[in-house]
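> Supplied in structure tokens, the structure appears directly below.
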Amino acid sequence: MQTLIPFFAFALGNTIDLTVIAQTGLLGILLGVAVIIVTGIPLIIADKLIGGGDGTAGIAASSSAGAAVATPVLIAEMVPAFKPMAPAATSLVATAVIVTSILVPILTSIWSRKVKARAAKIEILGTVK
């Protein structure tokens, strides 16, 4: 499975248009960060309490999926009153997808290193006694 990761990453990277971030500005970036915070915290807790993990899987799952970009257009088709707002909402969601696809792997790596370092420290303290 690990040999497939570069191919998935390459495909994801080719579909990311960073000019969307410039179009939506700070609001789109804040939306992406909010997605990580609002979904990340409950998922970390769920990973620890339900999954028995250390929270790494929870933070790794806190990214917006690329399919979310289509949601504003779909809603606008169902409720025509939202049609004028669909392009702006689509840009904001696209920015959130880009921001989370960049930040989530970085945050997951930092979280994992922190958890492993804490576990190693606890193990060392346990052997000293």
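For reference, each letter of the sequence shown is one residue, going 35 to 163 in my numbering.
Yeah, the Cβ is synthetic: ideal placement off N, Cα and C, and Gly gets one too.
Keep in mind that this is a model prediction, so the values were computed, not measured.
(1) Does DSSP put residue 144 in a helix, a strand or coil?
(2) DSSP three-state call for residue 149: helix, strand or coil?
(3) With respect to the alpha helix (DSSP H) encompassing residue 106, which residues constitute its N-terminal and C-terminal limits?
(4) Going by C-alpha distance, which of 108, 95, 83 is nearest residue 140?
(5) Looking at the structure shown, is residue 161 part of a helix, part of a strand, or coil, going by DSSP?
(6) Helix, strand or coil for residue 97, going by three-state DSSP, please let me know.
(7) Measure the alpha-carbon distance for residue 89 versus residue 125 and round it to whole angstroms.
(8) At a cut of 8 Å, does the segment 127-138 reach the segment 64-71 through at least three beta carbon pairs?
From the atom records:
(1) Along the sequence shown, read from residue 1 onward, the residue named residue 144 stands at position 110. Helix.
(2) Locating residue 149 in the sequence shown gives position 115, where the first residue counts as 1. It is helical.
(3) Taking the first residue of the sequence shown as 1, we reach residue 106 at position 72. First-last of the alpha helix (DSSP H) with residue 106: 105-112.
(4) Residue mapping note: residue 140 aligns to position 106 of the sequence shown, counting from 1. Taking only the C-alpha atoms, the option nearest residue 140 is 95.
(5) Locating residue 161 in the sequence shown gives position 127, where the first residue counts as 1. Here residue 161 sits in helix by DSSP.
(6) As a first step, residue 97 must be located in the sequence shown, where it is residue number 63. The three-state secondary structure of residue 97, taken from DSSP, is coil.
(7) Within the sequence shown, numbered from 1, the residue matching residue 89 stands at position 55. Within the sequence shown, numbered from 1, the residue matching residue 125 stands at position 91. The straight-line gap from Cα to Cα measures roughly 30 Å.
(8) yes
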